[in-house]
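To start, the structure itself, in structure tokens.
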Amino acid sequence: MRKGFIFLQFAISLSLVLCSIIIEKELYYIRNTETGVDRDNVVMIPFHKMVHYAAFKREVEALPGIAAAATSHYPMYGGMDGLAVKGPGADKAVQVFMMHVDDGFISLLGLQWQDKPVDEGVLGDGKHWILNETAVRTLGISGDPIGQSLDIAGDKQQVAGVLKDFNYGSLRSKIGSLGILIDRDTASTWGGMSGCLLGKIKTHVNIPATVDAIRKIFSKYDKQTAFEFDFADEAFDRQYKAEDRLAGLFGMFTVITVMIACLGLFALATFSAQQRVKEIGIRKVMGASAASIGGLLSRDFLRPVLLAVVIAWPLSWLVMNRWLEDFTYRTDVPWWIFVLAGLGLLGVSLATVLFRSLRAARGNPVDALRSE
1 MRKGFIFLQF
11 AISLSLVLCS
21 IIIEKELYYI
31 RNTETGVDRD
41 NVVMIPFHKM
51 VHYAAFKREV
61 EALPGIAAAA
71 TSHYPMYGGM
81 DGLAVKGPGA
91 DKAVQVFMMH
101 VDDGFISLLG
111 LQWQDKPVDE
121 GVLGDGKHWI
131 LNETAVRTLG
141 ISGDPIGQSL
151 DIAGDKQQVA
161 GVLKDFNYGS
171 LRSKIGSLGI
181 LIDRDTASTW
191 GGMSGCLLGK
201 IKTHVNIPAT
211 VDAIRKIFSK
221 YDKQTAFEFD
231 FADEAFDRQY
241 KAEDRLAGLF
251 GMFTVITVMI
261 ACLGLFALAT
271 FSAQQRVKEI
281 GIRKVMGASA
291 ASIGGLLSRD
301 FLRPVLLAVV
311 IAWPLSWLVM
321 NRWLEDFTYR
331 TDVPWWIFVL
341 AGLGLLGVSL
351 ATVLFRSLRA
361 ARGNPVDALR
371 SE
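For the sequence shown, full-length UniProt numbering assigns the number 1 to the initial residue and increments by one for each residue that follows.
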């Protein structure tokens with residue numbers, strides 16, 4: 001019964017330790033994976049039908065702390081529209097996500113060209129699209145994609161350029177087909193619709209002061225709408241709030257369960273030493289060392305801990321492997337993580353038992369025998 005109690009506690013403890021390590025490893029991986037987007041110091045300010053948007057944007061661009069400004073219909077990682085698009089000669093349409101942006105968007109976010117437009121003058125006419133690599137494959141476009149036709153709701157349009165794939169959403173999902181439509185007419189187009197201003201803040205400047213300067217300009221052109229802002233890197237990280245909470249819970253329960261398991265092991269070791277006080281005294285009289293007696297008392301407790309390690313390894317691997325299946329981009333889970341965690345828990349349990357066992361073994365054998 002007592003050994004079963006030790007086994008259960010340490011199996012749960014090691015499973016929680018391993019799950020916590022793997023969750024944190026995955027979160028670190030997705031936050032440091034190259035997504036193809038430069039999110040650093042990009043502030044996003046949503047607006048709603050700002051009549052003088054062009055003037056607002058010009059003033060923001062003129063701020064000393066702003067390196068560049070651009071416009072998008074939606075903020076980064078804030079959703080987008082979808083269109084049914086047919087590739088050249090295709091009978092069936094496929095879904096392509098759409099970004100409606102101005103001509104500063106691509107350079108501001110550091111997006112990379114796979115096939116740059118031959119004639120950038122056609123961008124902004126509403127008939128020429130920029131696709132990502134996934135869209136080119138999905139639409140069945142072969143050969144040089146530039147100039148090939150697209151059918152969007154019966155309207156014939158063309159491919160103007162191709163961007164290298166970049167992650168515009170959560171890393172739980174693979175990159176989908178994307179089409180970007182550029183509109184240079186900032187004054188009329190963006191003044192009559194909702195959108196988001198993106199500002200690239202220079203490095204080594206006072207970011208709060210720069211955001212406050214943008215707020216003052218915003219309030220000059222829109223006195224009705226509350227000023228709101230977000231940062232692209234923070235918006236990216238917020239996609240994993242559930243995982244952050246899960247990591248926090250696992251971490252908290254891991255500490256609690258390991259402490260409870262060690263306290264329980266210490267209590268059982270104390271009880272066992274008291275039950276075997278006569279045996280300890282006789283062994284001491286017969287010349288046994290404190291170390292050998294401590295090892296003898298510890299052996300019975302380490303066996304269920306070792307069994308708990310063996311059981312917790314495959315159990316935690318199965319659970320975490322299933323959890324990682326929700327992510328297209330997954331960290332590797334090397335075998336040595338399991339070995340180190342198991343050895344660490346064995347070390348903690350050994351130290352706990354030896355502390356109590358050696359204390360009992362170092363007692364005066366005469367006192368032990370007299371008490372019997």
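For each residue, glycine too, the CB sits at the ideal point set by N, CA and C.
- Counting the other Cβ atoms within 10 Å of the Cβ of M252 gives fewer than 16, which makes it exposed.
- Unbroken alpha helix (DSSP H) runs of no fewer than 4 residues, entirely contained in the segment 151-229, are found at 186-189, 207-221, following chain order.
- Fewer than three Cβ pairs drawn from the segment 22-34 and the segment 342-354 lie within less than 8 Å of each other, which leaves the two stretches out of contact.
- Per DSSP, the beta bridge partners of V42 are K200.
- When only Cα atoms are considered, A62 and L324 end up about 45 Å apart.
- At a Cβ-Cβ threshold of 7 Å, G104 and I141 do not count as neighbours.
- Scanning its chain for C-beta atoms nearer than 6 Å, with the 5 sequence neighbours on each side dropped, one finds no residue around G4.
- A buried status is given to L178, since no fewer than 16 other beta-carbon atoms sit within 10 Å of its beta-carbon.
- A232 sits buried, since 16 or more C-beta atoms from the chains shown fall within 10 Å of its C-beta.
- In the structure shown, the three-state DSSP call for F301 is helix.
- With contact defined as three or more Cβ pairs closer than 8 Å, the segment 160-168 and the segment 33-46 are in contact.
- For the options R172, L354, M320, R322, the alpha carbon positioned closest to that of Y329 is the one of R172.
- Three or more Cβ pairs closer than 8 Å define a contact, and the segment 299-316 falls short of that threshold against the segment 137-152.
- Partner residues in the beta bridge of H100, as assigned by DSSP, are L181.
- According to the DSSP secondary-structure assignment, A69 is paired through a beta bridge with G199.
- In chain order, P46, F47, H48, K49, H73 place their CB closer than 8 Å to the CB of S194, counting only its own chain and leaving out the 5 sequence neighbours on each side.
- Under the criterion of beta carbons closer than 8 Å, T254 and V17 qualify as touching, at roughly 5 Å.
- Each residue's CA atom was taken as its position, placing I182 and H128 some 8 Å apart.
- Here the alpha carbons of M44 and T225 stand approximately 15 Å from one another.
- Secondary structure of D81 (DSSP, three-state): strand.
- In this structure, DSSP gives V339 a helical state, which the three-state scheme calls helix.
- Leaving aside the five residues that flank G110 on each side, the residues in its chain whose CB is nearer than 6 Å to its CB run, in chain order, D38.
- With respect to the C-alpha of F327, the residue from W335, Q239, L265, G199 having the closest C-alpha is Q239.
- By DSSP's assignment, Q95 forms a beta bridge with A84.
- For D332, there is no enclosing alpha helix (DSSP H), as DSSP gives it neither H nor E.
- Contact annotation: V60 and I214 have beta-carbon atoms nearer than 7 Å.
- Apart from sequence neighbours up to five positions away, the residues of its chain that approach H100 with a beta-carbon distance below 6 Å are H73, L181, ordered along the chain.
- Contact between T257 and S13 holds, since their C-beta atoms are separated by about 5 Å, short of 8 Å.
- Contact between L139 and A90 holds, since their C-beta atoms are separated by about 7 Å, short of 8 Å.
- For D237, there is no enclosing beta strand (DSSP E); the residue is found in the alpha helix (DSSP H) stretching over 232-238.
- Counting only the Cα atoms, P64 lies some 11 Å from T203.
- The criterion of a C-beta distance shorter than 7 Å is not satisfied by S20 and A312.
- The criterion of a C-beta distance shorter than 7 Å is not satisfied by G124 and R58.
- By the 16-neighbour rule on beta-carbons within 10 angstroms, Q9 is buried.
- Straight-line spacing of the CA atoms in G192 and L315 works out to 57 Å.
- The beta-carbon distance between I217 and F56, rounded to whole angstroms, is 6 Å. This is short enough to meet the 8 Å contact definition.
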